[in-house]
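Okay, so here's the structure we're looking at.
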Amino acid sequence: MTAPILEIKNLHATVDGKEILDGIDLIVNAGEVHAIMGPNGSGKSTLAHVLAGREGYEVTQGEVLYQGRDLLELAPEERACEGIFLAFQYPVEIPGVNNTYFLKAAVNAVRRHRGEDELDSMTFMKMVRAKLKVLHMDEGLMKRAVNEGFSGGEKKRNEIFQMAVMEPTLAIMDETDSGLDIDALKDVADGVNTLRGPDRAMVVITHYQRLLNYIVPDRVHVLSKGRIVRSGGRELALTLEEQGYSWLQVEPEPA
Amino acid sequence: MSDAVIRYREAFQDTAGTLPGSAIPWLRDARREAMGTFEAIGFPKPREEDWKYTRVAPIEKRDFALTPPDTPTPLDLGALLLPESAGAWQAVFVDGRFRADLSRTVPLPGGVHVADLAGSLERGGDELQRWITGAGHRNGFTALNAAFTGHGLHLQLDDGVTLDVPVHLLFVASGIADTIVHPRVILEIGKGARATVVESYAALGESPYFNNVVTQAALDEGARLDHYKLQREATAAFHVSTFNVHQDAGSRFESHSVSLGAALARHDINVALDAPEASCALNGLYMVRGRQHVDYHTRVDHAKPACTSTEDYRGILAGRARGVFNGRVYVHPQAQKSDATQSNRNLLLSRDAEVDTKPQLEIHADDVKCAHGATVGQLDEGMIFYLRSRGIDESSARGLLTYGFARGLVDRMAVAPLREAVAESLLDRLPNAEELRSMLS
Chain H
0 MTAPILEIKN LHATVDGKEI LDGIDLIVNA GEVHAIMGPN GSGKSTLAHV
50 LAGREGYEVT QGEVLYQGRD LLELAPEERA CEGIFLAFQY PVEIPGVNNT
100 YFLKAAVNAV RRHRGEDELD SMTFMKMVRA KLKVLHMDEG LMKRAVNEGF
150 SGGEKKRNEI FQMAVMEPTL AIMDETDSGL DIDALKDVAD GVNTLRGPDR
200 AMVVITHYQR LLNYIVPDRV HVLSKGRIVR SGGRELALTL EEQGYSWLQV
250 EPEPA
Chain P
0 MSDAVIRYRE AFQDTAGTLP GSAIPWLRDA RREAMGTFEA IGFPKPREED
50 WKYTRVAPIE KRDFALTPPD TPTPLDLGAL LLPESAGAWQ AVFVDGRFRA
100 DLSRTVPLPG GVHVADLAGS LERGGDELQR WITGAGHRNG FTALNAAFTG
150 HGLHLQLDDG VTLDVPVHLL FVASGIADTI VHPRVILEIG KGARATVVES
200 YAALGESPYF NNVVTQAALD EGARLDHYKL QREATAAFHV STFNVHQDAG
250 SRFESHSVSL GAALARHDIN VALDAPEASC ALNGLYMVRG RQHVDYHTRV
300 DHAKPACTST EDYRGILAGR ARGVFNGRVY VHPQAQKSDA TQSNRNLLLS
350 RDAEVDTKPQ LEIHADDVKC AHGATVGQLD EGMIFYLRSR GIDESSARGL
400 LTYGFARGLV DRMAVAPLRE AVAESLLDRL PNAEELRSML S
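Here you go:
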């Protein structure tokens, strides 16, 4: 049997000396989609950032294996080149850097890393056009600076579009549904579902169940105070939708 | 009188008789008067508010050869000229002197009059009198320029004339050490006329020299002038320039100034919005490193109602470089409905780089819209992480962001070959130029 795509063991992490992750254990296998839910401040975004390698998050205990390798020793760009993609909760605006150049540079960085030839502009644009269509995105966006002046919905679509172009092995989506209207939510979900496949794993971080109507997860985990306090199938998300998160804090996990 | 001033006085006495048009009485008087002003005020002192952060002692102390050199011929100007595709009318000045043999002229439409200053003065130069005598002297440098004035260019457009091709004035230092030149550019744009002018400064060698420039422009009613300045002097050189612009009703002036070279570069840009509904947009980009020093001083006078001015100056500073920005907007009491915005943003790429920025709004009218802002900072860590999370290595991410910081200004340049030249110059100054070029191709 091959190694899981992602294996998190007893992960503890601090931000500014404050412990945010307090012993996370999680295994995500190829072909699986895992949802991580939890109230605000439970550590969901911190987990996403630790996996992507953002500075300022200090891992104090535990380990993270990606395809059997130590993930934490890799720089953010190495993680990306190895096939990890984080769809940001708040995509960053980058004035003066054109979307097309940016994305081509990203794709070619990954290709170089894999020892593949870089894509020329024509091949690249052909691929881009096909993927824009899936997300109902206007090609004009490619001529603009990265995320600059994009609406909230456009930014989120753009994240999933980038993901579609980068074709990651492990996709992590950090509250991709927040701030989306129903049409945008469906487009984003379509984009994500198109990417589902036996070789790819996904971690969908969300506060609400709504997104999971469209991206149906294999497993649902509930994060609270930096720990996974409950794991289950899709129905767990529905329970949370009905009852909120408060019941988790009074009812301890059965032994 | 300082030793330096005495040296200039003696040089003036020795050479005034050899300057173009030295026999013209009004010109002789104007030069003498300017020299008198220079003797009285000398070089700017650090105690003067406008020169607080820019010390000109290195210029004052340097023993520039005050008699003009013989220019070697021929010269290979290579990429310093605009490519033929630009269709530009190009005048070349080497060590301050107009060189017809190196210039590339194209036929110009009727109503466009362009002449090298020395030639015009030798022919009498009556049309230049009001420009040379009426300029006033803001400081020792402009006075010195007027005292030694005689070379440069005069462009005049009759009313209603549109000049589609750019006029490019290329001032080249040939590489002779310690030359000093005083170019003067006069731009006269008639009613409803339109022109695009490029002033560029470059060197064929590494030796120090001093370019002391004065540019004067007048835009008549409804005229439009797009002015580009590309300063790529030798790193050991000194460049001081004053650009005075006078605007009549409904005229439009756009300035794109790029300052990359010189040990010390000082740019004064003074715009008088002197009739209703005149507007100007001043854009500036400076990128310096090592021990370079760059200073932009702008002054915009909203003298009459309903005028608009925007300023966008951006600086990128590395090494131990120093930048100065001082932007003054003066809204006069009768200038109601004035609209003025000003922005100066600086990117520091090293700990030792430094910027002094001072936006100043002085508003003496009550119904106006004015805003200003200044920032000094490093590259945004959030942006760097975003790029890295997409597989772009840290050094390239920093390069891309630095380039992106400037790119917005570069994109505003309508003369395509110039825009490309500026973009290339920016890339050349980034540590991983080759990598970035391949990303941006």
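Chains H and P are the protein sequences, given in the same order.
For reference, each letter of the first sequence is one residue, going 0 to 254 in numbering that gives the first Met the number 0.
For reference, each letter of the second sequence is one residue, going 0 to 440 in numbering that gives the first Met the number 0.
We put the beta carbon where it would ideally sit given N, CA and C, even for glycine.
Practice item. Quick one: give me the first and last residue of the beta strand (DSSP E) that Cys279(P) is part of. Key: As a working mapping, residue 279(P) is identified with position 280 in the second sequence. First-last of the beta strand (DSSP E) with Cys279(P): Ser278 to Val287.
Review point. Mind pulling the chain B residues with CB within less than 8 Å of Gln161(H)?
Key: Looking at the structure shown, chain B is missing, and the protein chains on hand are H and P.
Exercise for review: Compare the C-beta of Arg78(H) against all C-beta atoms of chain P and say whether one is closer than 9 Å.
Suggested key: Within the first sequence, the letter at position 79 stands for residue 78(H). It does: the Cβ of Arg78(H) has a partner Cβ on chain P nearer than 9 Å.
Check your understanding: Is any beta-carbon of chain P found at less than 9 Å from that of Asn157(H)?
Key -> Walking along the first sequence from the start, residue 157(H) turns up at place 158. So, not an interface residue.
Review point. Would you call the CB atoms of Tyr208(P) and Thr178(P) closer than 9 Å?
Key: Here residue 208(P) is taken as the residue at index 209 of the second sequence, counted from 1. Here residue 178(P) is taken as the residue at index 179 of the second sequence, counted from 1. In this structure, Thr178(P) lies closer than 9 Å to Tyr208(P) by Cβ.
Check your understanding: Are the Cβ atoms of Gly42(H) and Leu222(H) separated by less than 9 Å?
Key -> The sequence position of residue 42(H) within the first sequence is 43, counting from 1. The sequence position of residue 222(H) within the first sequence is 223, counting from 1. It is a contact, given that the beta carbons lie within the stated cut-off.
Exercise for review: Answer with yes or no whether the minimum CB distance from Ser440(P) to chain H is below 9 Å.
Suggested key: Sequence index remark: in the second sequence, residue 440(P) carries index 441 (1-based). Contacts with chain H at 9 Å (Cβ-Cβ) include Ser440(P).
Practice item. Please list the residues of the region 191-206 of chain H that have a C-beta atom closer than 9 Å to any C-beta atom in chain P, keeping them in chain order. Key: none
Exercise for review: Express the C-alpha separation of Ile159(H) and Gln333(P) in angstroms, rounding to a whole number.
Suggested key: Position 334 of the second sequence, counted from the start, is the residue given in the question as residue 333(P). Position 160 of the first sequence, counted from the start, is the residue given in the question as residue 159(H). Each residue's alpha carbon lies about 55 Å from the other.
Review point. Quick one: Cα of Ala254(H) to Cα of Leu239(H), how far?
Key: Along the first sequence, read from residue 1 onward, the residue named residue 254(H) stands at position 255. Along the first sequence, read from residue 1 onward, the residue named residue 239(H) stands at position 240. Legend: pLDDT at Ala254(H) = 44, less than 50; position of this residue unreliable, value from coordinates given subsequently. Their Cα atoms are separated by approximately 20 Å.
Review point. Using a Cβ-Cβ cut-off of 8 Å (strictly less than) and excluding sequence neighbours within five positions of Gly390(P), which residues of its own chain qualify?
Key: One-based indexing of the second sequence puts residue 390(P) at position 391. Taken in chain order, the list of residues that qualify is empty.
Practice item. For Arg406(P), decide whether its Cβ has a neighbour in chain H, counting only Cβ atoms nearer than 9 Å. Key: Here residue 406(P) is taken as the residue at index 407 of the second sequence, counted from 1. It does: the Cβ of Arg406(P) has a partner Cβ on chain H nearer than 9 Å.
Exercise for review: Assign His136(P) to buried or exposed, taking buried as 16 or more other Cβ atoms, counted over all protein chains shown, within 10 Å of its Cβ.
Suggested key: Your numbering for residue 136(P) matches position 137 in the second sequence. With 16 or more other Cβ atoms within 10 Å, it is buried.
Review point. Does Asp379(P) have its Cβ less than 9 Å from a Cβ in chain H?
Key: Residue numbering aside, residue 379(P) sits at position 380 when the second sequence is read from its first letter. The C-beta of Asp379(P) comes closer than 9 Å to at least one C-beta of chain H.
Point to revise | Assigned exposure category for Ser254(P) - 16 Cβ within 10 Å defines buried | key: As a working note, residue 254(P) is residue 255 in the second sequence. By the 10 Å Cβ count, Ser254(P) comes out buried.
Point to revise | Span of the alpha helix (DSSP H) around Tyr402(P) | key: Within the second sequence, the letter at position 403 stands for residue 402(P). Where Tyr402(P) is concerned, the enclosing alpha helix (DSSP H) stretches over Glu393 to Val409.
Exercise for review: Kindly identify the DSSP beta-bridge partner or partners of Asp294(P).
Suggested key: The residue labelled residue 294(P) in the question sits at position 295 within the second sequence. Asp294(P) pairs with Arg265(P) and Val323(P).
Check your understanding: What is the DSSP secondary structure of Cys306(P), reduced to helix, strand or coil?
Key -> The sequence position of residue 306(P) within the second sequence is 307, counting from 1. Residue state, collapsed to three classes: coil.
Exercise for review: Would you mind listing the beta strand (DSSP E) stretches within the region 98-138 of chain P that are 3+ residues and don't spill past its ends, in chain order?
Suggested key: Listed in chain order, the complete beta strand (DSSP E) runs (minimum 3 residues) inside the region 98-138 of chain P are 111-115.
Review point. Do Ile175(P) and Ala271(P) have their C-beta atoms closer together than 9 Å?
Key: As a position in the second sequence, residue 175(P) is number 176, starting the count at 1. As a position in the second sequence, residue 271(P) is number 272, starting the count at 1. No, these two residues do not count as a Cβ contact at 9 Å.
Review point. Buried or exposed: which applies to Trp246(H), given that a residue is buried once 16 or more other Cβ atoms fall within 10 Å of its Cβ?
Key: The residue labelled residue 246(H) in the question sits at position 247 within the first sequence. By the neighbour-count rule (16 or more Cβ atoms within 10 Å), Trp246(H) is not buried but exposed.
Check your understanding: Taking 9 Å as the CB-CB limit, is Ala144(H) close to chain P?
Key -> Here residue 144(H) corresponds to residue number 145 of the first sequence, with the count starting at 1. With 9 Å as the cut-off, Ala144(H) counts as an interface residue toward chain P.
**Study point:** Contact between the region 66-73 of chain H and the region 376-387 of chain P (3+ Cβ pairs under 8 Å)
**Key:** no
Review point. Mapping DSSP to helix, strand and coil, what is Tyr7(P)?
Key: Looking up residue 7(P) in the second sequence gives position 8. Residue state, collapsed to three classes: helix.
Point to revise | Residue nearest to Asp13(P) in terms of C-alpha spacing, selected from Ala114(P), Ala78(P) and Ala146(P) | key: Taking the second sequence and counting its residues from 1, one reaches residue 13(P) at position 14. Taking only the C-alpha atoms, the option nearest Asp13(P) is Ala146(P).
Review point. How long is the line joining the alpha carbons of Asn28(H) and Tyr213(H), rounded to whole angstroms?
Key: As a first step, residue 28(H) is located in the first sequence; it is residue number 29 there, counting from the start. As a first step, residue 213(H) is located in the first sequence; it is residue number 214 there, counting from the start. Spanning the two alpha carbons is a distance of roughly 21 Å.
Point to revise | Candidates Leu211(H), Met141(H), Met201(H) and Ala129(H): closest to Gly82(H) by CA position | key: Looking up residue 82(H) in the first sequence gives position 83. It is Met201(H) whose Cα lies nearest to the Cα of Gly82(H).
**Study point:** Where Tyr207(H) sits in the DSSP three-state scheme
**Key:** As a first step, residue 207(H) must be located in the first sequence, where it is residue number 208. Residue state, collapsed to three classes: coil.
Point to revise | Simplified DSSP assignment, three categories, for Gly372(P) | key: Mapped onto the second sequence, residue 372(P) falls at position 373. In the structure shown, the three-state DSSP call for Gly372(P) is strand.
Check your understanding: If contact means a Cβ-Cβ distance below 7 Å, which residues of the region 411-427 of chain P contact chain H?
Key -> none
Check your understanding: Hey, does Met382(P) have any beta-carbon neighbour from chain H nearer than 9 Å?
Key -> Within the second sequence, numbered from 1, the residue matching residue 382(P) stands at position 383. Closer than 9 Å: yes.
Exercise for review: Could you tell me whether the region 216-230 of chain P touches the region 239-255 of chain P, where touching means 3 or more Cβ pairs closer than 8 Å?
Suggested key: Yes: at least three Cβ pairs fall under 8 Å.
Check your understanding: For Lys17(H), which beta-bridge partners are listed by DSSP?
Key -> Locating residue 17(H) in the first sequence gives position 18, where the first residue counts as 1. In DSSP, Lys17(H) forms a bridge with Val14(H).
Review point. Can the beta-carbon of Gln341(P) be found less than 9 Å from the beta-carbon of Leu360(P)?
Key: Sequence index remark: in the second sequence, residue 341(P) carries index 342 (1-based). Sequence index remark: in the second sequence, residue 360(P) carries index 361 (1-based). Yes, Cβ-Cβ distance for Gln341(P) and Leu360(P) is below 9 Å.
Review point. Is there at least one Cβ from chain H nearer than 9 Å to Glu433(P)'s Cβ?
Key: Reading the second sequence from its first residue, position 434 is the one you call residue 433(P). Taking a beta-carbon distance threshold of 9 Å, Glu433(P) does not count as an interface residue toward chain H.
Exercise for review: Tell me whether the beta-carbon of Met286(P) lies closer than 9 Å to the beta-carbon of Ala422(P).
Suggested key: Here residue 286(P) refers to the residue found at position 287 of the second sequence. Here residue 422(P) refers to the residue found at position 423 of the second sequence. Contact: no.
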